[in-house]
Amino acid sequence: MFLTATLPIDLGSSTHLIQLLSNIEWIPDFCGEVKFSLIGVFHPVPRRRSARQAERDASRMPLEEMAFGEEISRQEDEASGWIVARSRKKQRQDFTPGYSSAGNSSARPAHPKGPINKLIAASRLPRLPKDHCRVVVRPQGGMGVRKVTRIKVTQALVTAACLSPPQAEENIVCANEMQNIFVISTPHVRHAEAYAKMKRIRVGETLHEVSTYVTPPGDTCRGVVRGIDPELSDDRLGELFVHARTPKVLGVRRIKQTPTVIVLFDGMKVPNYVMCGTNMIRCTLYRRQIDACRTSGKLRHRLDVCPTPTVITCPDCGVSSPLENHTCHPKCSICGGAHPTRRIGPAKAGTRRQRRRKTNKQRAEFVPQQAAGLGLNQGGGLDTPGRGAGHRSRSRDRSASCVRTQQEPTWAERVGPKQQATARIQQQERENATLRIQLQDIKEEVEELRQRERTPEGALKVQQAEEQPKDGKRKATDPPVDIEDFSDFKQETTGVVREIKEAIAGVSSVIESLS
């Protein structure tokens, strides 16, 4: 006779089995064999887990076990920004062969020129991973980024996002002192959504209101579409713009309560038209804006994130603590012009285009007239007769083939008003006309001298003998020409021609510089 007992034990620990056997109380009145059937449950020794493993295990847990605080609604759970656009771009990268997310890796200029470029360079962040999600946090209530401790702010952001310290190890937090904002870079979309839901953070004993925004992904550009009904919801806008007929559209969002929406495109090209349902609507390029505070008068930060809201400055003239009836002389803080500061910088492209058209038009009006009046050929030399009337030298042909042709004027240049010449240009034209007359006289004299030089003395004697009358009467002959006097006259004439050419070249250069 024997007694059978079933005992669950842990095979991962040998001490547990020893303690179990030593604590068994034997029955003294029972005489027989005792058998134990041990059912072992194997529990391996726990190992240290990495942050990714911990996050993966946490994602498999039910949401009820991860919730912190009170219950939130569906509207509050939706994150602001371009979260959906990032997920769509990620899916297209996975299914598009040969796609590279390297972005625009062109070198940045070492020395930025202009006030706008200097502001952009001063507010530029260090290079962050391009495959990360970026969340912009704008502190409100007069919180200055320069005055707070970065470590405390980072801890406050992690706490407000309901993330544990191991989960936030891969995140990057940067402070932009110029714009008075914080930028969080994270490789996980769930973390970006958690940061985007923040409404306030506690730094020390102070509670600060914050507004968050998820930036669009890299290798994208934005376009502006106007005239969209404000009554349409965000979900309806997504259905109208993001569909199979617009494969480049990643997302769309409205600018506050206005009829203007911003469309995000995959790639660096904004189309002229975009499909909104079955309608083809005009789409323009999203122009970069420069934030200007209307309270402190400083650039690169907005009114809602001003670190010094108590310092009042006139937004037009920049006078500190202005009176109500003070004399205001507007001055732009960006370009220094006599106008109020605008969020959008001056249109450089239009100014350069107008200046280029004006220069081309002045050249087209004056240069051909001067070349025709001065007797200049296409190569820039004088049209003096050479070895023959119909002969053309090889050097002239070669120079003519290398001349740049004047571009045809555009439609705007043809229909635009004609530019009137200034008084200085008119004076140069009168001087050119006088020099042309003198040059024409000298050319005639030089041609006559060349004809005399080419005629030999023997031909002159034969011509004189033929012209003598047969009755024996002699005609009075011309006095002989002195060769030395002729050479001196030729050198003098050549020197005068050279001086006139130099004067004409100087006048032409002055006219080109004026035009």
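First residue of the sequence shown: 689, per our numbering; consecutive thereafter. Using N, Cα and C, we set each Cβ at its ideal position, and we do this for glycine too. A quick note: this is a predicted structure, and the numbers were derived from the prediction, not measured.
Identity of the residue in the options nearest residue i by Cα
{"i": "Gly1183", "options": "Val1195, Val1198, Arg1142, Lys1131", "result": "Lys1131"}
{"i": "Pro1018", "options": "Gly985, Lys835, Arg1142, Tyr901", "result": "Gly985"}
{"i": "Ile1113", "options": "Cys909, Ile869, Arg826, Ser1201", "result": "Ser1201"}
{"i": "Arg878", "options": "Pro905, Ile889, Val861, Ala856", "result": "Ala856"}
{"i": "Met866", "options": "Ser899, Arg826, Pro854, Ile839", "result": "Arg826"}
{"i": "Arg974", "options": "Ile950, Cys994, Pro995", "result": "Rather than Arg, the amino acid found at residue 974 in this sequence is Tyr. Of the candidates Ile950, Cys994, Pro995, the one whose C-alpha sits nearest the C-alpha of Tyr974 is Ile950."}
{"i": "Ala880", "options": "Val891, Val823, Glu893", "result": "Val823"}
{"i": "Lys818", "options": "Thr900, Glu893, Pro905", "result": "Pro905"}
{"i": "Ile839", "options": "Lys1189, Met831, Ala863, Leu816", "result": "Ala863"}
{"i": "Thr983", "options": "Asp922, Ile969, Asp1004, Met968", "result": "Asp1004"}
{"i": "Val993", "options": "Ile872, Thr900, Glu1133", "result": "Thr900"}
{"i": "Glu1180", "options": "Arg1051, Glu1133, Gln977", "result": "Glu1133"}
{"i": "Thr1015", "options": "Cys1002, Gly1025, Gly1024", "result": "Cys1002"}
{"i": "Gln1126", "options": "Pro1010, Val913, Ala1191", "result": "Ala1191"}
{"i": "Val836", "options": "Leu920, Cys909, Gln1050, Asn868", "result": "Asn868"}
8 Å Cβ shell around residue i - same chain, five flanking residues per side excluded
{"i": "Gly1078", "result": "Residue placement at Gly1078 is poorly supported in this model, since its pLDDT is 45, which falls under 50; the coordinates still yield a value, given next. Nothing meets the Cβ criterion."}
{"i": "Thr966", "result": "none"}
{"i": "Val1195", "result": "Gln1116, Glu1119, Asn1120, Leu1123"}
{"i": "Gly791", "result": "Caution applies to Gly791, whose pLDDT of 42 falls short of 50 and renders its modelled position unreliable; the model cannot decide the point."}
{"i": "Asp917", "result": "Pro947"}
Length of the line joining the Cα atoms of residue i and residue j
{"i": "Gly911", "j": "Glu1119", "result": "56 Å"}
{"i": "His820", "j": "Phe870", "result": "15 Å"}
{"i": "Gln828", "j": "Lys887", "result": "10 Å"}
{"i": "Val891", "j": "Thr874", "result": "21 Å"}
{"i": "Gln1128", "j": "Arg1186", "result": "14 Å"}
{"i": "Gln1115", "j": "Val1198", "result": "12 Å"}
{"i": "Thr903", "j": "Thr1047", "result": "42 Å"}
{"i": "Thr1029", "j": "Asp979", "result": "10 Å"}
{"i": "Ile860", "j": "Val999", "result": "32 Å"}
{"i": "His931", "j": "Glu858", "result": "34 Å"}
{"i": "Asp1176", "j": "Arg1138", "result": "14 Å"}
{"i": "Leu928", "j": "Val1007", "result": "48 Å"}
{"i": "Gln945", "j": "Ala1111", "result": "56 Å"}
{"i": "His1027", "j": "Ser1021", "result": "9 Å"}
{"i": "Asn1013", "j": "Ala809", "result": "37 Å"}
{"i": "Glu752", "j": "Cys1023", "result": "A caution first: Glu752 carries a pLDDT of 35, below 50, which makes its placement in the model unreliable, though a value can still be read off. If you take the alpha carbons of Glu752 and Cys1023, they lie about 56 Å apart."}
DSSP beta-bridge partners of residue i
{"i": "His896", "result": "Ile889"}
{"i": "Gly911", "result": "Val951, Leu973"}
{"i": "Ile839", "result": "Partner(s): none; Ile839 has no beta bridge."}
{"i": "Asn805", "result": "Paired residue(s): none; Asn805 is not in a bridge."}
{"i": "Arg942", "result": "Val949"}
{"i": "Tyr656", "result": "Here the chain covers residues 689 to 1203 and nothing more, so residue 656 does not appear."}
Simplified DSSP state of residue i, which is helix, strand or coil
{"i": "Thr934", "result": "coil"}
{"i": "Ser984", "result": "coil"}
{"i": "Ser873", "result": "strand"}
{"i": "Thr1001", "result": "strand"}
{"i": "Glu906", "result": "With the sequence shown as reference, residue 906 is identified as Gly, and Glu is not the correct amino acid for it. Coil, per DSSP."}
{"i": "Ser852", "result": "coil"}
{"i": "Asn960", "result": "coil"}
{"i": "Ala1026", "result": "coil"}
{"i": "Ile1188", "result": "helix"}
{"i": "Ile916", "result": "coil"}
{"i": "Ser1008", "result": "strand"}
{"i": "Arg815", "result": "coil"}
{"i": "Val861", "result": "strand"}
{"i": "Val1198", "result": "helix"}
{"i": "Val846", "result": "helix"}
{"i": "Val833", "result": "coil"}
{"i": "Asn967", "result": "strand"}
{"i": "Lys1019", "result": "coil"}
Contact set for residue i: own chain, Cβ-Cβ below 7 Å, skip 5 residues either direction
{"i": "Pro785", "result": "Note that Pro785 scores a pLDDT of 44, beneath 50, so its modelled location is shaky; the value from the coordinates is reported in the next line. Cβ within range, chain order: n/a, list empty."}
{"i": "Ile659", "result": "The structure shown does not extend to residue 659, since the chain is modelled only from 689 to 1203, so the question has no answer here."}
{"i": "Lys936", "result": "Phe953, Asp954, Gly955"}
{"i": "Pro959", "result": "Cys971"}
{"i": "Thr842", "result": "Val861"}
{"i": "Tyr961", "result": "Met968, Ile969, Arg970, Cys971"}
Residues of its chain near residue i, where Cβ-Cβ distance is below 6 Å and the 5 sequence neighbours each way are ignored
{"i": "Met963", "result": "Arg933, Thr934"}
{"i": "Lys957", "result": "none"}
{"i": "Glu832", "result": "Note that residue 832 corresponds to Gly in the displayed sequence, not to Glu. Closer than 6 Å at the Cβ level, and outside the excluded window around Gly832, lie Pro995."}
Test: residue i CB closer than 7 Å to a CB of chain D
{"i": "Thr894", "result": "No chain D appears in the structure shown, which is made up of a single protein chain."}
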